[in-house]
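The next block holds one structure in the form of structure tokens; read it before the comments.
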Amino acid sequence: MGFANFNLLLFGQVISYFLASKLLFDKVNETIHIVIDEYFHIPQGLAYCNGNYSYWDPKITTLPGLYLVSSVVGTYFKCNTYNLRFVNLIASCVNLVLFSSILRFVYFGDRNHMKIILQAVSLTILPPLYFFSHVYYTDVLSVTFLLLFSRLCLTNRYFFMILICGVASIMMRQTNVVWIAMVFGHKLLDLLIKSSRVFGNQYINDVRLSKRSLIAKDVDKSKLKRYYGLKDVYYAARYHLSTGLTTFFKFLSFHDATVLFTHLMTLSGFVAFVYYNGSIVVGDKTAHEATLHLPQLLYFLLFYGVFGLPYVVNRLKSTLKLMFRQKILVLLSALVFVLIVHFNTLIHPYLVADNRHFTFYIWNRWFGKYENAIYLTVPAYVFLLFSIYDNLREQNCISFLLPYTICLVLSLALQKLIEIRYFLVPYIVLRLRFARPSHMVILSEFLWYILINAAAFHVFFNKEVTWKDFDYVQRIIW
1 MGFANFNLLL FGQVISYFLA SKLLFDKVNE TIHIVIDEYF HIPQGLAYCN
51 GNYSYWDPKI TTLPGLYLVS SVVGTYFKCN TYNLRFVNLI ASCVNLVLFS
101 SILRFVYFGD RNHMKIILQA VSLTILPPLY FFSHVYYTDV LSVTFLLLFS
151 RLCLTNRYFF MILICGVASI MMRQTNVVWI AMVFGHKLLD LLIKSSRVFG
201 NQYINDVRLS KRSLIAKDVD KSKLKRYYGL KDVYYAARYH LSTGLTTFFK
251 FLSFHDATVL FTHLMTLSGF VAFVYYNGSI VVGDKTAHEA TLHLPQLLYF
301 LLFYGVFGLP YVVNRLKSTL KLMFRQKILV LLSALVFVLI VHFNTLIHPY
351 LVADNRHFTF YIWNRWFGKY ENAIYLTVPA YVFLLFSIYD NLREQNCISF
401 LLPYTICLVL SLALQKLIEI RYFLVPYIVL RLRFARPSHM VILSEFLWYI
451 LINAAAFHVF FNKEVTWKDF DYVQRIIW
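Take a look at the structure:
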């Protein structure tokens, strides 16, 4: 009965979301014919929609996943800009369902269905993501296939579908391979630590395994624990090096091996593609050359501070207490951040030239305007770093935190251009790993996103930007 009630509530919420978003979608389409990168995406999408798969714009740097999905449109509907954009609106509805399904799995036993669904709605209307649900960009479908991949991974079944969804997510955005690698790393590290404990690593404490664990259900659970620290990684590594991984393979079940092999196939295929292509980027490689840009990680902290504000405020006292207890770490973090912003702050030409993005105004009215602005923001970076850790530490262990941190660096710190949408997937992964929030935090998050979306769309609809290269007005977006 509970499952039926949940699905009924979810169905009603999806319909309400679609009807409200459809009104906004139509207004967006009435307001502007082309939105910035749609200048490249729409002609390419129309070509595929009309069955012309030989056409390719060399300026496009992503794989043709979005356009292949759009080719289905031509089978049933007229190929035009409206219908191409409509694909993303439908995908956002699918995202709402997937967010609900993932949260319901994570919060197993929570009978408050509305609490779960409201969180799913909030994640679906995460302001940058919600805006791109109304235009023809790759971001929404990219999230859709990553969510589907993640939901299937939670079941630890349907390996062929996991493989297909993983490949499909990479076809939407190549950087999604990083998050597939994170899932693989999380699983592998968990198994390495658990196997070292099962075969007698004396350095790892005896703690019971969580009932919801999907890993190693067929072993002696009294020797396992759910949460691990860095010392567990160190001792497990030392143990496996001394045994030549023989005990790891003894511990590894056929099911676990299948899970790892599925992810390895996807990752190996991508490595082969990069080797053949000579780069992760297709098309115009000059605009997206890999460059070490560590401040991107600090800008991500600001992204978290804005869009995760209810979670920042909710644990404010706890975070400050944590920082007070870890004074040396606070000072070291501040020192590292000062060195990063001093020696590695890079400015992409697009950032200071393209006034159609919010990042242009943020940079030019703060970071670029005041000489010491990059240093004045360091205390905020330090606080937000500890805030993230404070929100994660109760529900996550090193087997997630370490792969996530590595993948966060790989996905952000090699890109010179600052784009707010680059932070979407890292933030969504982070948000889904937070401890179960209270009703007040959930409601605050929902209302906060409504407010930000209202402001962003107000600017989009009312602020016109004129470029001499275009015969139509431009608009400001994320």
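Residue numbers (the UniProt record's numbering): 1 to 478.
Even glycine gets a Cβ: it sits at the ideal position worked out from N, Cα and C.
Fair warning: this is a prediction, and the values are worked out from it, not measured in the lab.
Just grab the DSSP bridge partners of residue i for me.
i           : result
residue 474 : 465
residue 357 : 477
Would the beta-carbon of residue i fall within 7 angstroms of that of residue j?
i           : j           : result
residue 262 : residue 162 : yes
residue 133 : residue 101 : no
residue 184 : residue 166 : no
residue 172 : residue 138 : yes
residue 453 : residue 64  : no
residue 189 : residue 399 : yes
residue 391 : residue 434 : yes
residue 295 : residue 340 : yes
residue 356 : residue 180 : no
residue 136 : residue 84  : yes
residue 449 : residue 122 : yes
residue 106 : residue 144 : no
residue 403 : residue 186 : yes
residue 71  : residue 48  : yes
residue 199 : residue 247 : yes
residue 293 : residue 413 : yes
residue 131 : residue 478 : yes
residue 98  : residue 151 : yes
residue 67  : residue 44  : yes
residue 314 : residue 459 : no
residue 14  : residue 103 : no
residue 386 : residue 451 : no
residue 88  : residue 140 : yes
residue 81  : residue 411 : no
residue 301 : residue 430 : no
Where does residue i sit, in a helix, a strand or coil, going by DSSP?
i           : result
residue 419 : coil
residue 238 : helix
residue 57  : coil
residue 369 : coil
residue 7   : helix
residue 277 : helix
residue 459 : helix
residue 393 : coil
residue 127 : helix
residue 382 : helix
residue 77  : coil
residue 349 : helix
residue 342 : helix
residue 24  : helix
I need the straight-line Cα distance from residue i to residue j, nearest angstrom please.
i           : j           : result
residue 204 : residue 393 : With a pLDDT of only 47 at residue 204, under the threshold of 50, the placement of this residue in the model should not be trusted, and no figure is reported.
residue 90  : residue 9   : 19 angstroms
residue 274 : residue 191 : 29 angstroms
residue 381 : residue 375 : 10 angstroms
residue 283 : residue 194 : 44 angstroms
residue 298 : residue 425 : 16 angstroms
residue 50  : residue 352 : 37 angstroms
residue 420 : residue 359 : 7 angstroms
residue 36  : residue 4   : 43 angstroms
residue 208 : residue 196 : With a pLDDT of only 39 at residue 208, under 50, the local geometry of the prediction cannot be trusted, and the value read off the model is given with reservation. Cα-Cα distance, rounded: 15 angstroms.
residue 214 : residue 147 : Because residue 214 carries a pLDDT of 33, less than 50, the predicted location of this residue cannot be relied on, and the following value inherits that uncertainty. Distance between the alpha carbons of residue 214 and residue 147 is about 18 angstroms.
residue 269 : residue 177 : 10 angstroms
residue 242 : residue 155 : 33 angstroms
residue 470 : residue 34  : 10 angstroms
residue 277 : residue 307 : 36 angstroms
residue 311 : residue 445 : 8 angstroms
residue 361 : residue 354 : 10 angstroms
residue 461 : residue 19  : 20 angstroms
residue 373 : residue 366 : 6 angstroms
residue 342 : residue 377 : 12 angstroms
residue 25  : residue 457 : 11 angstroms
If you scan the segment 410–455 from start to end, which runs of the alpha helix (DSSP H) of 4 or more residues do you find wholly inside it?
424–432
Which residue spans inside the segment 136–185 form an unbroken alpha helix (DSSP H) run of at least 4?
139–155, 159–172
For the segment 86–125, list the beta strand (DSSP E) runs that are entirely contained and at least 3 residues long, ordered along the chain.
none
What residue ranges within the segment 257–328 form continuous alpha helix (DSSP H) runs of no fewer than 4 residues, ordered along the chain?
295–307, 309–314, 316–325
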